[in-house]
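Taken in order, the sequence shown gives residues 6 to 290; the numbers are from the numbering used here.
For every residue, glycine included, the Cβ atom is placed at its ideal position computed from N, Cα and C.
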Amino acid sequence: MTGDAGIAPDGPIWRCGRFALDLSAPLVMGVLNVTPDSFSDGGLHDDPAAAVAHGERIIAEGAAILDIGGESTRPGSEEVPEAAELARVRPMITRFASHCAVPVSIDTRHASVAEACVAAGASIINDVSGFRDPAMVQVAAKCDAGLVVMHMAGEPKTMQAEPHYDDVVVEVAGYLIAQAAVLEAAGVARERIVLDPGIGFGKTLEHNLALLKGLAQLAALGYPVLIGASRKRFIGELTGVEDPAARVAGSVTAACFAADHGAHIVRVHDVAETVQALRVAAALR
Ligand code: HH2
């Protein structure tokens, strides 16, 4: 599933530092939030020992990538000072980059945090603000990390205040391709870039469903696609399940749908359940 960049597989690959990820079958990105307030798992892993145990567990369960975040970007959230965010994530990045066989991703929209985490061993920068900050583009250009370019309408604090699109799939696709072009113009190799429509980031239920149903259009842009639907509010809106941790079945269904409609990577909290479902779905395809 993963390998050194020198022995790349034949199919589509994602170059992430010293890794070349084989994307010919969908990969699971497991989430490790070291935050007190994430909507999905806030406070569960802000003790370092608990965070390490959880990270080890989701790797053992089959995560091909470990995504570490130190700032919640849930709707309405306030920005976390960069020093506080870095203090949360850097020990975990260092620990997992040196101890585990899968690439470690830093989930941040702050250039200084991304740069420090790449120096600490992160192989992927996952930027929910889509590399809109020129300083983040510079960090990307100076390293060889894989990059997740995500679409977010506005800022977390206000993004759910009446989001509007004339055609959400066309507009999100246009934004993502433009940001990929900005990165490539700065010298980033195309094989390092993955696009993500940003489920739940400045989108209504209808927008989220349109993006998932329109995945083929995003996949047709020619870059690998990542989908993060796990435990999100739209699943609660569809099912009436209030507790994000109880949205496992809905999340697994969304991950399987995404994988079947062109997503190469699914970002999930419930790794064991998703890996199991994707294996069965792959055998039936
Ligand atoms: N969603 C969240 C965070 N990071 N990154 C990408 N690429 N795609 C996503 O959809 C995505 C993401 C939100 O989920 P979570 O990390 O569980 O919550 P919080 O932002 O509250 O920490």
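Item, Value
"R95 - containing beta strand (DSSP E), residue span", "Element bounds for R95: not the beta strand (DSSP E) but the alpha helix (DSSP H), 87-104."
"Any non-hydrogen atom of the ligand HH2 within 7 Å of M155 CB", "yes"
"Residues sharing a beta bridge with L289, DSSP", "DSSP, once it has assigned bridges, lists no residue as partnering L289."
"In DSSP terms, what G151 is bridged to", "I129"
"Touch test, the stretch 36-45 against the stretch 142-149, Cβ-Cβ under 8 Å, three pairs minimum", "no"
"Burial state of P249 (16 or more Cβ within 10 Å)", "buried"
"Cβ-heavy atom distance, G60 to the ligand HH2, below 7 Å", "no"
"Straight-line gap, L216 to L226 (C-alpha atoms, nearest Å)", "14 Å"
"Simplified DSSP state of M34, which is helix, strand or coil", "strand"
"CA-to-CA distance, R137 to A282, given in whole angstroms", "35 Å"
"D138: CB within 7 Å of a non-hydrogen atom of the ligand HH2", "no"
"Test item, CB below 6 Å from any non-hydrogen atom of the ligand HH2", "V36, N38, T40, S43, F44, S45, G74, S77, T78, R79, D112, N131, V133, V153, M155, D201, G203, I204, L231, G233, R272"
"Spatial neighbours of L91 in its chain, beta-carbon cut-off 6 Å, leaving aside the 5 residues before and after", "V118, A121"
"Cα-Cα separation, A54 to A194", "37 Å"
"Extent of the continuous alpha helix (DSSP H) to which S256 belongs", "253-265"
"For F24, three-class secondary structure by DSSP", "strand"
"Beta-carbon proximity of V33 to V271, cut-off 8 Å", "yes"
"Assigned exposure category for L289 - 16 Cβ within 10 Å defines buried", "exposed"
"Assigned secondary structure, I18 (DSSP; H/G/I helix, E/B strand, else coil)", "strand"
"Residue range of the alpha helix (DSSP H) that includes R197", "Where R197 is concerned, there is no enclosing alpha helix (DSSP H), given that its DSSP letter is neither H nor E."
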